[in-house]
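Undergrad: Supplied in C-alpha coordinates, the structure appears directly below.
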Amino acid sequence: MKAKNNSTYTLHFTTSSLFITLIIVFGGILSWQNYKKTSEILIESGDQVFDQINTEITLELGSIRKSVMQTVSFIAHSSVGQTNSVLAPTQSLNLFSIALANDSNLSAIQIGYPNGDFFIIRPIYSEHTRQTFKAPDAANYIVDTINIDEQGKRSLLRLFYNARLQEISRNTAIQTAYDPRERPWYKQALESKQATTTSPYLFHFSHKVGLTLTTQAPYQGLVVAADVTLDQLSNTLQHRSTTPGSEIVVFQKNADVLIYTDNSRLIIKASDGSFKMAKLSELGSDVLDFLSIDLQLESKSLNFKFNEQSWLGAIREMHIPGGHSFFVLMVSPEKELLSSAIKIRDQSLLMTAIIILLTIPIVWLFARKVSSPLRRLLPMKQN
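If you read the sequence shown in this note's numbering, its first letter stands for residue 3, the second for the next number, and so on.
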(Lines of atoms letter the chains of each structure in order from A; the text may use other names.)
(Lines give C-alpha, C1' and ligand atoms only; values in the text may rest on other atoms or scores of the structure.)
Protein backbone atom coordinates (compact mmCIF):
# COMPACT_ATOMS: atom_id res chain seq x y z
CA MET A 3 0.00 0.00 0.00
CA LYS A 4 2.92 2.29 0.85
CA ALA A 5 4.52 1.56 -2.52
CA LYS A 6 1.25 2.47 -4.19
CA ASN A 7 1.08 5.82 -2.43
CA ASN A 8 4.71 6.55 -3.31
CA SER A 9 4.09 5.78 -6.96
CA THR A 10 1.02 7.97 -6.99
CA TYR A 11 2.89 10.82 -5.29
CA THR A 12 5.85 10.45 -7.66
CA LEU A 13 3.58 10.60 -10.70
CA HIS A 14 1.71 13.61 -9.28
CA PHE A 15 4.99 15.42 -8.47
CA THR A 16 6.53 14.60 -11.86
CA THR A 17 3.50 15.89 -13.75
CA SER A 18 3.39 19.09 -11.69
CA SER A 19 7.11 19.69 -12.09
CA LEU A 20 6.85 19.21 -15.84
CA PHE A 21 4.15 21.85 -16.25
CA ILE A 22 5.89 24.31 -13.90
CA THR A 23 9.18 23.84 -15.75
CA LEU A 24 7.48 24.49 -19.06
CA ILE A 25 5.94 27.71 -17.70
CA ILE A 26 9.34 28.87 -16.39
CA VAL A 27 11.12 28.03 -19.66
CA PHE A 28 8.56 29.69 -21.90
CA GLY A 29 8.26 32.69 -19.55
CA GLY A 30 12.04 33.09 -19.49
CA ILE A 31 12.27 32.81 -23.29
CA LEU A 32 9.54 35.43 -23.79
CA SER A 33 11.19 37.77 -21.26
CA TRP A 34 14.59 37.41 -22.95
CA GLN A 35 13.15 37.91 -26.42
CA ASN A 36 11.31 41.00 -25.19
CA TYR A 37 14.52 42.37 -23.63
CA LYS A 38 16.56 41.62 -26.75
CA LYS A 39 14.09 43.27 -29.12
CA THR A 40 13.67 46.31 -26.87
CA SER A 41 17.47 46.64 -26.62
CA GLU A 42 17.78 46.53 -30.40
CA ILE A 43 15.12 49.22 -30.75
CA LEU A 44 16.88 51.46 -28.19
CA ILE A 45 20.28 50.97 -29.85
CA GLU A 46 18.78 51.77 -33.24
CA SER A 47 17.10 54.80 -31.70
CA GLY A 48 20.48 55.88 -30.30
CA ASP A 49 22.04 55.54 -33.75
CA GLN A 50 19.23 57.65 -35.20
CA VAL A 51 19.83 60.34 -32.57
CA PHE A 52 23.53 60.22 -33.38
CA ASP A 53 22.94 60.55 -37.12
CA GLN A 54 20.50 63.39 -36.40
CA ILE A 55 23.18 65.22 -34.38
CA ASN A 56 25.57 64.78 -37.30
CA THR A 57 23.00 66.15 -39.74
CA GLU A 58 21.98 69.06 -37.48
CA ILE A 59 25.55 70.26 -36.97
CA THR A 60 26.35 69.89 -40.67
CA LEU A 61 23.24 71.84 -41.71
CA GLU A 62 23.77 74.47 -39.00
CA LEU A 63 27.36 75.06 -40.06
CA GLY A 64 26.27 75.21 -43.69
CA SER A 65 23.59 77.78 -42.87
CA ILE A 66 26.00 79.86 -40.79
CA ARG A 67 28.59 79.77 -43.54
CA LYS A 68 26.10 80.93 -46.16
CA SER A 69 24.76 83.89 -44.16
CA VAL A 70 28.21 85.03 -42.97
CA MET A 71 29.63 84.79 -46.49
CA GLN A 72 26.93 87.19 -47.68
CA THR A 73 27.90 89.66 -44.95
CA VAL A 74 31.61 89.40 -45.71
CA SER A 75 31.03 89.86 -49.43
CA PHE A 76 28.81 92.88 -48.83
CA ILE A 77 31.40 94.63 -46.65
CA ALA A 78 34.23 93.76 -49.04
CA HIS A 79 32.40 95.50 -51.90
CA SER A 80 31.35 98.50 -49.83
CA SER A 81 33.37 101.70 -49.57
CA VAL A 82 35.42 100.08 -46.77
CA GLY A 83 36.89 97.61 -49.25
CA GLN A 84 37.87 100.29 -51.74
CA THR A 85 40.57 102.06 -49.70
CA ASN A 86 43.84 101.20 -48.02
CA SER A 87 43.16 103.35 -44.93
CA VAL A 88 42.60 101.69 -41.55
CA LEU A 89 40.65 104.83 -40.57
CA ALA A 90 37.89 104.04 -43.10
CA PRO A 91 36.27 101.27 -41.00
CA THR A 92 36.23 103.45 -37.87
CA GLN A 93 34.31 106.04 -39.88
CA SER A 94 31.81 103.36 -40.98
CA LEU A 95 31.00 101.72 -37.66
CA ASN A 96 27.29 101.94 -38.43
CA LEU A 97 27.81 99.54 -41.33
CA PHE A 98 29.51 97.00 -39.06
CA SER A 99 26.99 97.35 -36.23
CA ILE A 100 24.13 96.62 -38.65
CA ALA A 101 25.96 93.57 -40.00
CA LEU A 102 26.63 92.26 -36.48
CA ALA A 103 23.05 92.92 -35.37
CA ASN A 104 21.64 91.06 -38.39
CA ASP A 105 23.73 87.94 -37.82
CA SER A 106 24.18 86.75 -34.24
CA ASN A 107 26.60 84.04 -35.40
CA LEU A 108 29.29 86.67 -35.97
CA SER A 109 31.77 87.12 -33.14
CA ALA A 110 33.98 89.61 -35.03
CA ILE A 111 34.49 91.32 -38.39
CA GLN A 112 38.06 92.15 -39.32
CA ILE A 113 40.07 93.72 -42.13
CA GLY A 114 43.70 93.05 -42.98
CA TYR A 115 45.66 95.50 -45.10
CA PRO A 116 48.57 94.84 -47.46
CA ASN A 117 50.87 97.09 -45.40
CA GLY A 118 50.11 95.13 -42.20
CA ASP A 119 47.52 97.47 -40.71
CA PHE A 120 44.55 95.82 -39.07
CA PHE A 121 40.98 96.58 -37.94
CA ILE A 122 38.57 94.39 -35.97
CA ILE A 123 35.21 95.03 -34.30
CA ARG A 124 33.64 92.66 -31.79
CA PRO A 125 30.15 92.77 -30.27
CA ILE A 126 29.92 92.09 -26.54
CA TYR A 127 27.44 89.23 -26.28
CA SER A 128 28.69 87.59 -23.08
CA GLU A 129 30.43 88.19 -19.79
CA HIS A 130 33.33 86.09 -21.06
CA THR A 131 33.97 88.65 -23.82
CA ARG A 132 33.58 91.58 -21.41
CA GLN A 133 36.01 90.06 -18.92
CA THR A 134 38.51 88.89 -21.54
CA PHE A 135 38.85 92.39 -22.98
CA LYS A 136 38.21 94.23 -19.69
CA ALA A 137 35.40 96.20 -21.30
CA PRO A 138 33.41 98.82 -19.35
CA ASP A 139 29.87 97.89 -18.31
CA ALA A 140 28.38 100.40 -20.74
CA ALA A 141 30.36 99.07 -23.72
CA ASN A 142 28.60 97.17 -26.53
CA TYR A 143 31.43 97.01 -29.05
CA ILE A 144 35.20 96.58 -28.90
CA VAL A 145 37.32 98.01 -31.73
CA ASP A 146 41.02 97.25 -32.20
CA THR A 147 43.21 99.00 -34.75
CA ILE A 148 46.85 98.22 -35.48
CA ASN A 149 49.03 100.80 -37.22
CA ILE A 150 52.64 100.73 -38.29
CA ASP A 151 54.59 103.90 -37.58
CA GLU A 152 57.52 105.33 -39.53
CA GLN A 153 60.00 103.24 -37.54
CA GLY A 154 58.12 100.06 -38.45
CA LYS A 155 56.76 99.54 -34.95
CA ARG A 156 53.27 98.10 -34.61
CA SER A 157 50.91 99.63 -32.06
CA LEU A 158 47.49 98.34 -31.01
CA LEU A 159 44.80 100.78 -29.92
CA ARG A 160 41.65 99.42 -28.25
CA LEU A 161 38.46 101.50 -28.15
CA PHE A 162 35.09 100.82 -26.55
CA TYR A 163 31.75 101.99 -27.95
CA ASN A 164 28.24 101.98 -26.57
CA ALA A 165 25.06 100.93 -28.40
CA ARG A 166 24.87 104.36 -30.07
CA LEU A 167 28.41 103.90 -31.40
CA GLN A 168 29.72 106.64 -29.17
CA GLU A 169 33.24 106.14 -27.88
CA ILE A 170 33.13 105.76 -24.09
CA SER A 171 36.78 104.89 -23.39
CA ARG A 172 40.02 103.75 -24.91
CA ASN A 173 43.14 101.98 -23.71
CA THR A 174 46.64 103.35 -24.09
CA ALA A 175 48.21 102.11 -27.32
CA ILE A 176 50.59 99.20 -26.77
CA GLN A 177 53.23 97.51 -28.91
CA THR A 178 52.14 94.26 -30.57
CA ALA A 179 53.66 91.59 -32.77
CA TYR A 180 50.34 90.70 -34.33
CA ASP A 181 50.47 90.87 -38.13
CA PRO A 182 47.29 90.00 -40.05
CA ARG A 183 49.35 89.08 -43.10
CA GLU A 184 50.71 86.08 -41.16
CA ARG A 185 47.31 84.77 -40.20
CA PRO A 186 45.73 81.81 -42.05
CA TRP A 187 42.58 83.73 -42.97
CA TYR A 188 44.57 86.47 -44.75
CA LYS A 189 46.84 84.09 -46.67
CA GLN A 190 43.95 81.84 -47.65
CA ALA A 191 41.95 84.77 -49.05
CA LEU A 192 44.84 85.87 -51.27
CA GLU A 193 45.31 82.33 -52.55
CA SER A 194 41.66 81.95 -53.57
CA LYS A 195 39.65 83.90 -56.11
CA GLN A 196 36.44 83.14 -54.20
CA ALA A 197 35.30 83.52 -50.61
CA THR A 198 36.66 80.69 -48.50
CA THR A 199 36.53 79.20 -45.01
CA THR A 200 39.50 78.39 -42.82
CA SER A 201 39.90 75.23 -40.82
CA PRO A 202 38.90 75.68 -37.16
CA TYR A 203 41.60 77.29 -35.05
CA LEU A 204 42.16 79.19 -31.81
CA PHE A 205 41.40 82.89 -32.15
CA HIS A 206 44.38 85.01 -31.16
CA PHE A 207 42.66 87.65 -29.02
CA SER A 208 39.48 86.02 -27.67
CA HIS A 209 40.95 82.54 -27.02
CA LYS A 210 37.90 80.91 -28.58
CA VAL A 211 37.70 78.07 -31.10
CA GLY A 212 36.05 78.96 -34.37
CA LEU A 213 36.12 79.40 -38.13
CA THR A 214 36.98 82.46 -40.17
CA LEU A 215 35.17 83.19 -43.42
CA THR A 216 37.34 85.37 -45.61
CA THR A 217 37.45 87.06 -49.01
CA GLN A 218 39.65 89.47 -50.88
CA ALA A 219 38.23 92.96 -51.47
CA PRO A 220 38.52 94.85 -54.78
CA TYR A 221 41.48 96.80 -53.37
CA GLN A 222 44.57 94.66 -54.01
CA GLY A 223 45.77 92.91 -50.86
CA LEU A 224 42.86 94.04 -48.67
CA VAL A 225 41.06 91.13 -46.99
CA VAL A 226 37.71 91.19 -45.18
CA ALA A 227 36.97 88.32 -42.79
CA ALA A 228 34.42 87.33 -40.15
CA ASP A 229 34.95 85.10 -37.14
CA VAL A 230 32.37 82.54 -36.08
CA THR A 231 32.83 80.76 -32.76
CA LEU A 232 31.50 77.23 -32.33
CA ASP A 233 30.10 77.90 -28.85
CA GLN A 234 26.47 77.86 -29.89
CA LEU A 235 26.86 74.39 -31.39
CA SER A 236 27.72 73.06 -27.94
CA ASN A 237 24.08 73.70 -27.03
CA THR A 238 23.07 71.27 -29.77
CA LEU A 239 25.19 68.59 -28.11
CA GLN A 240 23.84 69.37 -24.65
CA HIS A 241 20.23 69.08 -25.80
CA ARG A 242 20.99 65.81 -27.59
CA SER A 243 22.80 64.05 -24.75
CA THR A 244 20.90 60.77 -24.40
CA THR A 245 21.91 59.78 -20.83
CA PRO A 246 23.66 61.47 -17.85
CA GLY A 247 26.87 59.53 -18.49
CA SER A 248 26.94 60.09 -22.27
CA GLU A 249 29.86 61.85 -23.93
CA ILE A 250 29.46 63.68 -27.26
CA VAL A 251 32.35 65.51 -28.88
CA VAL A 252 33.29 66.91 -32.30
CA PHE A 253 36.99 66.94 -33.16
CA GLN A 254 39.47 67.24 -36.02
CA LYS A 255 41.69 64.53 -37.47
CA ASN A 256 44.57 65.66 -35.24
CA ALA A 257 42.30 65.13 -32.17
CA ASP A 258 41.86 68.88 -31.53
CA VAL A 259 38.40 69.29 -29.98
CA LEU A 260 36.03 71.74 -31.66
CA ILE A 261 32.70 71.24 -29.90
CA TYR A 262 32.05 69.77 -26.46
CA THR A 263 29.22 69.97 -23.97
CA ASP A 264 31.47 71.93 -21.59
CA ASN A 265 32.94 74.95 -23.40
CA SER A 266 35.29 75.76 -20.52
CA ARG A 267 37.36 72.66 -21.30
CA LEU A 268 38.02 73.47 -24.96
CA ILE A 269 41.00 75.74 -24.28
CA ILE A 270 44.04 74.87 -22.18
CA LYS A 271 46.41 77.43 -20.72
CA ALA A 272 50.03 76.28 -20.73
CA SER A 273 52.58 76.99 -18.01
CA ASP A 274 54.18 79.70 -20.18
CA GLY A 275 50.87 81.58 -20.37
CA SER A 276 50.04 80.55 -23.94
CA PHE A 277 46.75 78.93 -24.95
CA LYS A 278 46.01 75.87 -27.08
CA MET A 279 43.07 73.75 -28.19
CA ALA A 280 42.38 70.72 -26.01
CA LYS A 281 42.87 67.21 -27.35
CA LEU A 282 40.41 64.37 -26.74
CA SER A 283 42.63 63.15 -23.91
CA GLU A 284 42.64 66.58 -22.24
CA LEU A 285 38.90 67.12 -21.67
CA GLY A 286 38.92 65.62 -18.19
CA SER A 287 36.80 62.65 -19.31
CA ASP A 288 38.25 59.26 -18.38
CA VAL A 289 36.36 57.40 -21.09
CA LEU A 290 37.41 59.85 -23.83
CA ASP A 291 41.00 59.62 -22.60
CA PHE A 292 40.73 55.83 -22.87
CA LEU A 293 39.29 55.97 -26.40
CA SER A 294 41.85 58.50 -27.65
CA ILE A 295 44.69 56.00 -27.23
CA ASP A 296 43.68 53.82 -30.17
CA LEU A 297 40.66 55.45 -31.85
CA GLN A 298 40.30 54.62 -35.54
CA LEU A 299 39.00 57.56 -37.54
CA GLU A 300 36.32 55.81 -39.59
CA SER A 301 32.55 55.71 -39.37
CA LYS A 302 31.58 52.71 -37.27
CA SER A 303 29.73 51.54 -34.17
CA LEU A 304 31.59 51.11 -30.88
CA ASN A 305 31.18 48.39 -28.26
CA PHE A 306 33.80 48.23 -25.52
CA LYS A 307 34.44 47.78 -21.81
CA PHE A 308 35.79 50.53 -19.58
CA ASN A 309 35.99 50.66 -15.78
CA GLU A 310 34.19 47.32 -15.57
CA GLN A 311 31.27 48.76 -17.53
CA SER A 312 30.02 47.96 -21.02
CA TRP A 313 29.81 51.00 -23.31
CA LEU A 314 28.04 51.53 -26.63
CA GLY A 315 28.51 54.31 -29.15
CA ALA A 316 29.57 55.32 -32.62
CA ILE A 317 31.92 57.57 -34.54
CA ARG A 318 30.90 59.36 -37.74
CA GLU A 319 32.77 61.50 -40.24
CA MET A 320 31.12 64.84 -40.85
CA HIS A 321 31.57 66.66 -44.16
CA ILE A 322 31.18 70.42 -43.81
CA PRO A 323 30.53 72.83 -46.70
CA GLY A 324 33.85 74.36 -47.65
CA GLY A 325 35.71 71.10 -48.00
CA HIS A 326 36.34 70.35 -44.31
CA SER A 327 35.83 67.05 -42.51
CA PHE A 328 35.34 66.58 -38.78
CA PHE A 329 34.51 63.58 -36.62
CA VAL A 330 31.62 63.16 -34.18
CA LEU A 331 32.02 60.71 -31.30
CA MET A 332 29.22 59.65 -28.96
CA VAL A 333 29.44 56.95 -26.27
CA SER A 334 27.08 55.94 -23.45
CA PRO A 335 27.20 53.34 -20.66
CA GLU A 336 25.20 50.34 -21.84
CA LYS A 337 23.37 50.22 -18.51
CA GLU A 338 22.15 53.81 -19.01
CA LEU A 339 21.41 53.50 -22.71
CA LEU A 340 19.43 50.28 -22.23
CA SER A 341 17.91 51.23 -18.87
CA SER A 342 14.39 51.12 -20.33
CA ALA A 343 14.99 47.67 -21.82
CA ILE A 344 16.47 46.41 -18.54
CA LYS A 345 13.47 47.78 -16.65
CA ILE A 346 11.06 46.04 -19.07
CA ARG A 347 13.07 42.81 -18.76
CA ASP A 348 12.98 42.94 -14.95
CA GLN A 349 9.25 43.66 -15.02
CA SER A 350 8.72 40.71 -17.39
CA LEU A 351 10.71 38.40 -15.10
CA LEU A 352 8.71 39.62 -12.11
CA MET A 353 5.43 39.02 -13.92
CA THR A 354 6.64 35.55 -14.92
CA ALA A 355 7.50 34.78 -11.27
CA ILE A 356 4.07 36.02 -10.12
CA ILE A 357 2.33 33.93 -12.80
CA ILE A 358 4.29 30.87 -11.70
CA LEU A 359 3.37 31.38 -8.05
CA LEU A 360 -0.29 31.83 -8.97
CA THR A 361 -0.36 28.81 -11.28
CA ILE A 362 1.40 26.37 -8.94
CA PRO A 363 -1.87 25.44 -7.09
CA ILE A 364 -3.71 25.21 -10.40
CA VAL A 365 -0.97 23.05 -11.94
CA TRP A 366 -0.90 20.90 -8.82
CA LEU A 367 -4.64 20.30 -9.02
CA PHE A 368 -4.47 19.74 -12.76
CA ALA A 369 -1.62 17.25 -12.33
CA ARG A 370 -3.61 15.47 -9.65
CA LYS A 371 -6.60 15.25 -11.93
CA VAL A 372 -4.44 13.89 -14.75
CA SER A 373 -2.81 11.34 -12.47
CA SER A 374 -6.13 10.07 -10.97
CA PRO A 375 -6.99 7.77 -13.90
CA LEU A 376 -3.48 6.40 -13.76
CA ARG A 377 -3.87 5.73 -10.04
CA ARG A 378 -7.01 3.71 -10.75
CA LEU A 379 -5.13 1.70 -13.39
CA LEU A 380 -2.24 0.90 -11.04
CA PRO A 381 -4.12 -1.70 -8.87
CA MET A 382 -5.40 -3.40 -12.02
CA LYS A 383 -1.84 -3.67 -13.31
CA GLN A 384 -0.60 -5.08 -9.99
CA ASN A 385 -3.42 -7.70 -9.99
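Glycine included, every Cβ here is placed at the ideal spot set by N, Cα and C.
Which value, in whole angstroms, describes the spacing of the CA atoms of T216 and R185?
TA: Residue numbering aside, residue 216 sits at position 214 when the sequence shown is read from its first letter. Residue numbering aside, residue 185 sits at position 183 when the sequence shown is read from its first letter. Spanning the two alpha carbons is a distance of roughly 11 angstroms.
Undergrad: Can you name the start and end residues of the alpha helix (DSSP H) that L340 belongs to?
TA: Translated into positions along the sequence shown, residue 340 becomes position 338. From DSSP, L340 is part of no alpha helix (DSSP H); its letter is neither H nor E.
Undergrad: Between the stretch 307-315 and the stretch 173-193, do at least 3 Cβ pairs fall closer than 8 angstroms?
TA: The stretch 307-315 vs the stretch 173-193: no contact.
Undergrad: Please state whether DSSP places N117 in a helix, a strand or coil.
TA: Reading the sequence shown from its first residue, position 115 is the one you call residue 117. If DSSP states are grouped into helix, strand and coil, N117 belongs with coil.
Undergrad: Out of V252, P335, L204, S283, point me to the one whose CA is closest to S276's CA.
TA: Within the sequence shown, residue 276 is the residue found at index 274, counting from 1. When each option's Cα is compared against that of S276, the closest is L204.
Undergrad: Skipping 5 residues on each side, what residues in its chain have a beta carbon closer than 7 angstroms to that of L260?
TA: Translated into positions along the sequence shown, residue 260 becomes position 258. The residues are P202, V211, L232, V252, F253, Q254, F328.
Undergrad: Cα separation between H321 and I55?
TA: In the sequence shown, the residue the question calls residue 321 occupies position 319. In the sequence shown, the residue the question calls residue 55 occupies position 53. If you take the alpha carbons of H321 and I55, they lie about 13 angstroms apart.
Undergrad: Assuming G118 and D181 form a contact by the criterion Cβ under 8 angstroms, report the distance between their Cβ atoms to the nearest whole angstrom.
TA: Locating residue 118 in the sequence shown gives position 116, counting from the first residue. Locating residue 181 in the sequence shown gives position 179, counting from the first residue. Indeed they touch by this definition, with Cβ atoms about 5 angstroms apart.
Undergrad: Could you give the uninterrupted runs of the alpha helix (DSSP H) lying entirely in the stretch 116-190, keeping only those of 4 residues or more?
TA: Here the runs fully enclosed are 129-134.
Undergrad: Given a cut-off of 8 angstroms on the beta-carbon distance, is the pair L268 and M279 in contact?
TA: Along the sequence shown, one-based indexing puts residue 268 at 266. Along the sequence shown, one-based indexing puts residue 279 at 277. Their beta carbons are under 8 angstroms apart, which means L268 touches M279 by this criterion.
Undergrad: Quick check on the burial criterion: 16 or more other C-beta atoms within 10 angstroms. Buried or exposed for T2?
TA: This structure does not reach residue 2, given that the chain is present from 3 up to 385, and the question cannot be answered.
Undergrad: Between the Cα of L352 and the Cα atoms of F21, I26, H130, L20, which residue gives the shortest distance?
TA: Sequence index remark: in the sequence shown, residue 352 carries index 350 (1-based). The shortest Cα separation from L352 among F21, I26, H130, L20 belongs to I26.
Undergrad: Apart from the five residues on each side of it in sequence, which residues of its chain come closer than 6 angstroms, Cβ to Cβ, to H209?
TA: On the sequence shown, position 207 is the one that residue 209 refers to. These residues qualify, in order along the chain: I269, F277.
Undergrad: By Cβ distance below 8 angstroms, which residues in the same chain neighbour E336 in space, the five residues on each side in sequence not counted?
TA: For the purposes of this step, residue 336 is taken as the residue at position 334 of the sequence shown. Correct list, in chain order: Q311, S312, W313, L314.
Undergrad: Does the contact criterion of 3 or more C-beta pairs under 8 angstroms hold for the stretch 92-101 versus the stretch 55-70?
TA: No contact exists between the stretch 92-101 and the stretch 55-70.
Undergrad: Within a Cβ cutoff of 7 angstroms, which residues of the same chain sit near A78, ignoring the five residues on either side of it in sequence?
TA: Here residue 78 corresponds to residue number 76 of the sequence shown, with the count starting at 1. Counting only Cβ-Cβ distances below 7 angstroms, and skipping sequence neighbours, we find T217, A219, V226.
Undergrad: Rounded to a whole number of angstroms, what is the C-alpha to C-alpha distance between G114 and L159?
TA: Translated into the one-based positions of the sequence shown, residue 114 becomes position 112. Translated into the one-based positions of the sequence shown, residue 159 becomes position 157. Whole-angstrom Cα-Cα distance: 15 angstroms.
Undergrad: Using DSSP bridges, identify the partner residues of L204.
TA: Within the sequence shown, residue 204 is the residue found at index 202, counting from 1. DSSP, once it has assigned bridges, lists V211 as partnering L204.
Undergrad: According to DSSP, simplified to helix, strand and coil, what is G315?
TA: What you label residue 315 is simply residue 313 of the sequence shown in a count that begins at 1. G315: strand per DSSP, three-state reduction.
Undergrad: Could you say which of D105, F207, L235, G29 lies nearest to Q133 if we only look at CA atoms?
TA: Indexing the sequence shown from 1 puts residue 133 at position 131. The candidate whose alpha carbon is nearest that of Q133 is F207.
Undergrad: At what residues does the beta strand (DSSP E) containing V289 begin and finish?
TA: Taking the first residue of the sequence shown as position 1, residue 289 is located at position 287. From DSSP, V289 is part of no beta strand (DSSP E) but of the alpha helix (DSSP H) over 288-294.
Undergrad: Leaving out the 5 sequence neighbours to the left and right, which residues in its chain are closer than 7 angstroms to A257 when beta-carbon positions are compared?
TA: Residue numbering aside, residue 257 sits at position 255 when the sequence shown is read from its first letter. K281, L282, S294, listed in sequence order.
Undergrad: Would F162 be called buried (16 or more neighbouring beta carbons within 10 Å of its own) or exposed?
TA: Along the sequence shown, one-based indexing puts residue 162 at 160. Burial call: buried.
Undergrad: Could you have a look at N305 and say whether DSSP puts it in helix, strand or coil?
TA: To locate residue 305, count along the sequence shown from 1; it is residue 303. DSSP places N305 in strand when its eight states are reduced to three.
Undergrad: Could you give the first and the last residue of the continuous alpha helix (DSSP H) run that contains T92?
TA: As a position in the sequence shown, residue 92 is number 90, starting the count at 1. From DSSP, the alpha helix (DSSP H) with T92 extends over 89-92.
Undergrad: Does the beta-carbon of F121 have 16 or more other beta-carbons within 10 angstroms, so that it is buried, or is it exposed?
TA: Reading the sequence shown from its first residue, position 119 is the one you call residue 121. Label assigned to F121: buried.
Undergrad: Which term fits I357, buried or exposed, when burial requires 16 or more other beta carbons within 10 angstroms of its beta carbon?
TA: On the sequence shown, position 355 is the one that residue 357 refers to. So I357 counts as exposed.
Undergrad: Could you give the residue range of the alpha helix (DSSP H) that holds L95?
TA: Locating residue 95 in the sequence shown gives position 93, where the first residue counts as 1. Start and end: 95-104.
Undergrad: Smallest Cα separation from K68: which of K38, A228, N164, G83?
TA: Taking the sequence shown and counting its residues from 1, one reaches residue 68 at position 66. Taking only the C-alpha atoms, the option nearest K68 is A228.
Undergrad: What does the alpha-carbon distance come out to for the pair T85 and F76?
TA: Taking the sequence shown and counting its residues from 1, one reaches residue 85 at position 83. Taking the sequence shown and counting its residues from 1, one reaches residue 76 at position 74. If I take the Cα positions, the gap works out to 15 angstroms.
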